[in-house]
Every structure is written in structure tokens, then in C-alpha cells.
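All residue numbers for the sequence shown refer to my numbering, where the first residue is 821 and numbers rise by one. For every residue, glycine included, the Cβ atom is placed at its ideal position computed from N, Cα and C.
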Amino acid sequence: MDPNNSLDDKSESRLYVGNLDLRISEAALIKMFSSFGKIVAEDFLWHTRGPKRGEPRGYAFVQFSTKGEAVLAKEKMHGRLVCGRPLIVRLASEKYLMEGAGNSSFGAGGETSKSNFVAGSLAQMSKSAKIAAIKNKLKAMEEESQNSKRQKNG
């Protein structure tokens with residue numbers, strides 16, 4: 821058996837689950853996904869340093885026994901509202917999502933999770949659609965900035 825091949829199989833059946841409400845426990849996460857197949861591993865990420873130490877980070881990884889189970893769970897759970905928040909579910913091998921989510925984390929409080937959700941939804945778009953969405957966002961931000969300057973001066 822080729823060890824590299826088994827590693828590829830493992831990453832194909834591993835899901836990234838993001839935009840988790842902080843009230844979601846590991847047990848609740850497993851319960852949500854167990855109906856789609858056999859879960860062989862789960863990584864629930866916690867803050868290890870700083871003021872949020874011991875609190876959930878808002879994302880996790882769920883490993884199924886087969887790629888088919890993972891794909892089914894992704895199809896059924898992506899976008900599903902849990903505690904009022906739409907889940908972002910992707911195959912962990914879809915690296916562009918992680919890069920986008922990591923680079924877009926800015927601001928404080930709710931802005932961070934909002935920007936991560938935007939990055940997650942951008943991952944589904946074509947390149948030209950992403951560019952158009954970013955241009956529209958920049959335009960809206962410029963207009964907000966100009967409006968706030970007018971209010972200060974007015």
C-alpha cells in the first residue's frame with residue numbers, strides 16, 4: 821500500500837466545518853454529522869493562548885471513513901443554519917478556503933466571523949465574480965467613509 825495514496829484518501833474524507841457558534845460542543849458537532857456515516861476522527865479547535873484561552877475557535881475538522889460519506893455530509897450541511905449561523909462545510913483538501921478565511925480575518929468582534937463567512941462564500945465563485953464582489957465591497961466601503969466624513973464636516 822502506498823502511504824502517499826492513503827494520505828490522499830484521508831484528506832478526501834476529511835471535512836472543514838466553519839462558522840460554528842461558540843455554544844456548539846464537540847458532542848453536538850459529532851451528533852450533527854454522525855447521520856451521514858462513520859466518523860473516524862474529529863478535531864475541535866480551541867484557543868490555546870491569550871484572553872480566549874480554552875474557548876472554541878469556531879471551526880473543526882470531521883473525518884469520515886469514506887469520501888462518499890464526507891461528500892454527502894458536505895452537500896447536506898453546507899449553509900445549514902445552526903444556532904442562527906450558516907455552517908461552512910468544505911472538504912479539507914479544498915485549501916483555497918482556508919487561505920481565504922485566514923487572510924480575511926480583520927476587525928474586532930463580529931466583523932471577524934462575518935469576514936470569514938464572506939471568504940467562505942467567495943470560495944464558490946469564479947475568479948471574475950470574486951473580483952466583482954471585492955470591487956463592490958471596496959466601493960461600498962469608500963461610500964461609507966465619504967458619508968461619515970460628510971457627517972463630521974456638516
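Counting only the Cα atoms, Gly878 lies some 20 Å from Glu895. One thing to note: Met897 has its Cβ no nearer than 8 Å to the Cβ of Phe864. Counting the other CB atoms within 10 Å of its CB gives Arg910 a total of 16 or more, which places it among the buried residues. A residue is called buried when at least 16 other Cβ atoms come within 10 angstroms of its Cβ; Ser855 does not meet this threshold and is exposed.
Here DSSP, grouped into helix, strand and coil, assigns Ala847 to helix. Leu958 and Arg900 have their C-alpha atoms roughly 28 Å apart. Looking at the backbone, the Cα of Met961 and that of Lys969 are separated by about 12 Å.
By the 16-neighbour rule on beta-carbons within 10 angstroms, Pro871 is exposed.
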